[in-house]
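Novice: Sharing a structure below in structure tokens format, with a few things to ask.
Residue numbers (the working numbering): 5 to 72.
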């Protein structure tokens, strides 16, 4: 019975974690530093943005009409 309760709790935690990261779970950011600036490019969808060196973007920048 304890095993079943632990399984249910783990399932709920995973559900919550997946909902929290839904907007960026497919993004794989690569950093390109040049002339003191940083450009981040997603290798999954090709989105690109300027950002802070060493700090990946926190949201997916893919246009919503495109399929992943």
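Where is the CB? At the ideal position from N, CA and C, for every residue including glycine. As the structure is a prediction and not an experimental result, all values here were calculated from the model.
What residues in its chain sit with their C-beta under 7 Å from that of residue 56, if we drop five residues either side in the sequence?
Specialist: 42
Novice: Determine the burial state of residue 33: buried for a count of at least 16 other Cβ atoms within 10 Å of its Cβ, exposed for fewer.
Specialist: buried
Novice: Tell me where the beta strand (DSSP E) around residue 46 begins and ends.
Specialist: 41-46
Novice: Looking only at its chain, what residues have a beta carbon closer than 6 Å to the beta carbon of residue 66, apart from the 5 residues adjacent to it on each side?
Specialist: 49 and 51
Novice: Check residue 55 in the structure and name its three-state DSSP category.
Specialist: strand
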